[in-house]
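**Q** Quick note on numbering: our numbering labels position 58 of the sequence shown as 1146, and the sequence is numbered without any gaps. Glycine residues also receive a C-beta, built at the ideal position from the N, C-alpha and C atoms.
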Amino acid sequence: MDILLVILALALAIIGIIGAVAPVLPGPPLGFLALLLLKFCSGNDISTTSVILVGIIAGLITVIDYIAPVWLTKKTGGSKQGTLGATIGLIIGMFAGLPGILLGPFLGAYIGEIAAKTPSEKAFKVASMSFVAFMLTSGLKFAYGAYILVKVISYGWGILF
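Structure below.
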């Protein structure tokens, strides 16, 4: 049973890292589940405090991920159309590979702002902040996911061998 749990935890940790840029995958919660699975293995040396702390951090990152883009867009005077455009751009951009993932939120926010009759210069500023928010939250989720992956490999190795 331990082998199955370690393999499943490893898969969840990897999917969690992919979730750093794919908005349809909840990266930090999946990473937390990966570590939680290992807690149920026999012979684990994962403290309950560590699991709780990692869970709290996953929750905070998830909240920040939803709040930061909206907050930064609003802070620069962005409209609802700009925020919606950034979200749509990110989802569509996922199908265009890495360039789409990087440019999608920016282009979506820009198009959304132009559709809201925002002057071009301001639309560019809002779109730039949307891009910055995406990069910051993605970086945060990626760092968390990488940490979890290292922990899963390290704990998994200790459980299996």
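#1: Considering Cα atoms alone, identify which of SER1216, ALA1108, TRP1245 is closest to ALA1146.
#2: Mapping the DSSP letters down to three states, classify LYS1205 as helix, strand or coil.
#3: Taking the alpha carbon of GLY1185 as the point to measure from, which residue in LYS1163, ILE1106, GLY1143 has its own alpha carbon closest?
#4: Which of helix, strand or coil does DSSP assign to THR1164?
#5: If we call anything under 7 Å between Cβ atoms a contact, is GLN1169 one with GLY1192?
#6: Quick check on ALA1215: does DSSP put it in helix, strand or coil?
#7: Could you give the C-beta distance for ILE1149 and LYS1229, rounded to a whole number, given that I count them as a contact under 8 Å?
#8: Around the C-beta of MET1217, are 16 or more other C-beta atoms found within 10 angstroms, so that it is buried, or is it exposed?
#9: Check each candidate in GLY1143, GLU1209, TYR1232, PHE1249 and name the one with the smallest Cα separation from GLY1166.
#10: Please list the terminal residues of the continuous alpha helix (DSSP H) segment that includes PHE1120.
#11: Can you tell me whether PRO1187 is buried or exposed? The criterion is at least 16 other CB atoms within 10 Å of its CB, across all chains shown.
#12: Can you give me the C-alpha to C-alpha distance between TRP1245 and GLY1115, rounded to a whole angstrom?
**A** In terms of the structure at hand:
#1: ALA1108
#2: coil
#3: ILE1106
#4: coil
#5: no
#6: Here DSSP, grouped into helix, strand and coil, assigns ALA1215 to helix.
#7: 6 Å
#8: Buried is the call here.
#9: GLU1209
#10: 1115-1127
#11: exposed
#12: 22 Å
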